[in-house]
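A.B. asks: Just so you know, the sequences run in chain order E and G.
Its first residue numbered 200, the first sequence is counted upward by one per residue in the working numbering.
Its first residue numbered 200, the second sequence is counted upward by one per residue in the working numbering.
Here a beta-carbon is modelled for each residue, glycine too, at the ideal position from N, C-alpha and C.
There are 2 protein chains.
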Amino acid sequence: MAPDAFAALSDPTRRQVLDLLYRKERSAGELGAAFPSISQPGMSRHLRVLREAGLVRVRPEHRLRLYSLRTEGLAGVDAWLAKYRGFWESELDALEAHLDARRAARERPPGPRSP
Amino acid sequence: MAPDAFAALSDPTRRQVLDLLYRKERSAGELGAAFPSISQPGMSRHLRVLREAGLVRVRPEHRLRLYSLRTEGLAGVDAWLAKYRGFWESELDALEAHLDARRAARERPPGPRSP
DNA sequence: CGATTCTATAACATCGGATTTATTTAACAG
DNA sequence: CTGTTAAATAAATCCGATGTTATAGAATCG
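1. Thinking C-alpha only, which one of E/Ala233, E/Asp218, E/Phe205 is nearest G/Arg214?
2. Are there 16 or more other CB atoms within 10 angstroms of the CB of E/Gly231, so buried, or fewer, so exposed?
3. Quick one: what does DSSP say G/Pro235 is sitting in, helix, strand or coil?
4. Runs of 4 residues minimum, wholly inside the region 207–280 of chain G: which ones carry the alpha helix (DSSP H) assignment?
5. Quick one: using the 10 Å Cβ neighbour count with 16 as the cut-off for buried, is G/Tyr221 buried or exposed?
6. So which residues on chain G does E/Ala274 lean against when the C-beta distance must stay under 7 Å?
7. Which term fits G/Asp277, buried or exposed, when burial requires 16 or more other beta carbons within 10 angstroms of its beta carbon?
8. List, in order along the chain, the chain G residues whose C-beta lies closer than 7 Å to that of E/Ala206?
9. For G/Arg247, which option in G/Pro235, G/Tyr266, G/His261 has the closest C-alpha, if you only look at C-alpha atoms?
10. Quick one, which of E/Leu268, E/Trp279, E/Ser238, E/Glu251 has its alpha-carbon nearest E/Glu224's?
11. Near G/Pro259, what residues of its chain come up, given a Cβ to Cβ distance below 8 Å and the 5 sequence neighbours on each side ignored?
12. Within its chain, find whatever has a CB closer than 7 Å to the CB of G/Val216; leave out the 5 residues flanking it on each side and keep chain order.
13. Please look up how many angstroms separate the CB atoms of G/Ala274 and E/Trp287, rounded, as I've assumed it's under 8 Å.
14. Less than 8 Å between the beta carbons of G/Ala227 and G/Ser243, yes or no?
15. Counting only C-beta atoms, is G/Arg247 closer than 8 Å to chain E at any point?
16. Under 8 Å between beta-carbons, which chain G residues line up against E/Tyr283? List them in chain order, please.
17. Shorter than 8 Å from the beta carbon of G/Leu280 to some beta carbon of chain E?
18. Hey, E/Gly241 and E/Leu254: beta-carbon distance below 8 Å or not?
19. What does the Cβ neighbour count give for E/Arg256, buried or exposed, with the cut at 16 atoms within 10 Å?
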């Protein structure tokens with residue numbers, strides 16, 4: 200697992216790039232065109248970060264460089280999350296929140312009832 | 200969903216804090232002590248980032264502030280990942296990688312055979 | 001070959017995040 | 001109320017990531 204997959208995903212633009220690549224390879228230029236506010240070298244750098252994080256694959260074709268999703272990096276993130284998934288899928292989490300709220304209310308009543 | 204959960208998770212220290220909080224609430228001081236290389240205010244700021252990302256909950260008790268996991272933020276990350284999960288759980292991804300490798304080898308033979 | 005197209009890299013500016021020291025707020029104990 | 005402990009905020013610094021312009025590299029076409 201690439202240790203910086205989280206860092207790569209921390210940028211919204213890069214997440215959007217991945218969304219564009221969902222099941223559909225696209226050229227670097229195509230991806231750049233999807234973000235008019237970012238220069239061509241800017242997109243190229245984003246793609247490099249994604250590449251080095253193992254999140255995309257690149258393949259030369261004709262004059263283009265075609266990028267596609269490579270889920271290794273995402274699988275690493277998913278593996279980290281997996282530890283917690285059972286936690287919120289059980290309703291333990293919500294239950295604790297509820298108990299916390301009750302306890303807080305008990306310890307600090309809303310009205311000026313107790314001196 | 201807190202939009203900056205990804206950003207919060209991009210820092211390794213914060214991920215380790217979440218690991219420490221797995222099913223076990225801990226005080227701010229306890230968490231700080233687990234990272235001797237980080238100052239008290241430094242940890243406090245990390246905790247704030249986690250709080251604002253909806254990843255932890257805090258509860259005052261005695262003189263301490265007890266932090267615990269709050270999976271809302273993680274669930275948001277998980278929801279984003281979910282879109283891709285089916286993709287790598289099927290072996291479509293590995294298959295494509297294989298085909299890419301074959302195609303690349305065909306288009307660009309290893310030896311300096313062709314002028 | 002020379003021109004053109006597509007993309008990556010270099011060099012540089014800038015902005016934000018991480019960290020630190022110093023200070024403040026909050027909750028108690030005496 | 002005074003002092004003490006726990007934790008958050010303020011202010012300043014530092015470093016890395018993002019973004020830009022300019023340039024280089026790679027493939028293709030005429």
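C.D. replies: Reading from the atomic positions:
1. Translated into positions along the second sequence, residue 214 of chain G becomes position 15. Comparing Cα-Cα distances from G/Arg214 to each of E/Ala233, E/Asp218, E/Phe205, the minimum goes to E/Phe205.
2. The residue given as residue 231 of chain E occupies position 32 in the first sequence. Classification for E/Gly231: buried.
3. By one-based count along the second sequence, residue 235 of chain G stands at place 36. The answer is coil: DSSP assigns G/Pro235 none of H, G, I, E or B.
4. For the region 207–280 of chain G, whole alpha helix (DSSP H) runs of length 4 or above, ordered along the chain, are 211–219, 227–232, 239–251.
5. The sequence position of residue 221 of chain G within the second sequence is 22, counting from 1. Exposed, since its Cβ has fewer than 16 Cβ neighbours within 10 Å.
6. The sequence position of residue 274 of chain E within the first sequence is 75, counting from 1. In chain order: Trp287.
7. Start at 1 with the first residue of the second sequence, and residue 277 of chain G comes out as number 78. Under this definition G/Asp277 is a buried residue.
8. To locate residue 206 of chain E, count along the first sequence from 1; it is residue 7. By Cβ distance, chain G contributes Ser209.
9. Here residue 247 of chain G refers to the residue found at position 48 of the second sequence. Selected option, being the one with the closest Cα: G/Tyr266.
10. Translated into the one-based positions of the first sequence, residue 224 of chain E becomes position 25. Minimum Cα distance to E/Glu224 is reached at E/Leu268.
11. Taking the second sequence and counting its residues from 1, the one referred to as residue 259 of chain G is at position 60. Within the same chain, G/Pro259 has close Cβ partners Leu265.
12. Taking the first residue of the second sequence as 1, we reach residue 216 of chain G at position 17. Same-chain partners within the cutoff: Leu230, His245, Leu249.
13. Looking up residue 274 of chain G in the second sequence gives position 75. Looking up residue 287 of chain E in the first sequence gives position 88. That pair is a contact at about 5 Å.
14. Taking the first residue of the second sequence as 1, we reach residue 227 of chain G at position 28. Taking the first residue of the second sequence as 1, we reach residue 243 of chain G at position 44. Cβ atoms of G/Ala227 and G/Ser243: closer than 8 Å.
15. The sequence position of residue 247 of chain G within the second sequence is 48, counting from 1. Taking Cβ atoms only, chain E never reaches closer than 8 Å to G/Arg247, which makes this a no.
16. Start at 1 with the first residue of the first sequence, and residue 283 of chain E comes out as number 84. Leu217, Tyr221, Leu268, Thr270, Leu273, listed in chain order.
17. In the second sequence, residue 280 of chain G corresponds to position 81, counting from 1. At least one chain E Cβ lies under 8 Å of G/Leu280.
18. Along the first sequence, read from residue 1 onward, the residue named residue 241 of chain E stands at position 42. Along the first sequence, read from residue 1 onward, the residue named residue 254 of chain E stands at position 55. In this structure, the beta-carbon distance from E/Gly241 to E/Leu254 does not fall below 8 Å.
19. Against the first sequence, residue 256 of chain E aligns to sequence position 57. Looking at its Cβ environment, which holds 16 or more other Cβ atoms inside 10 Å, E/Arg256 is buried.
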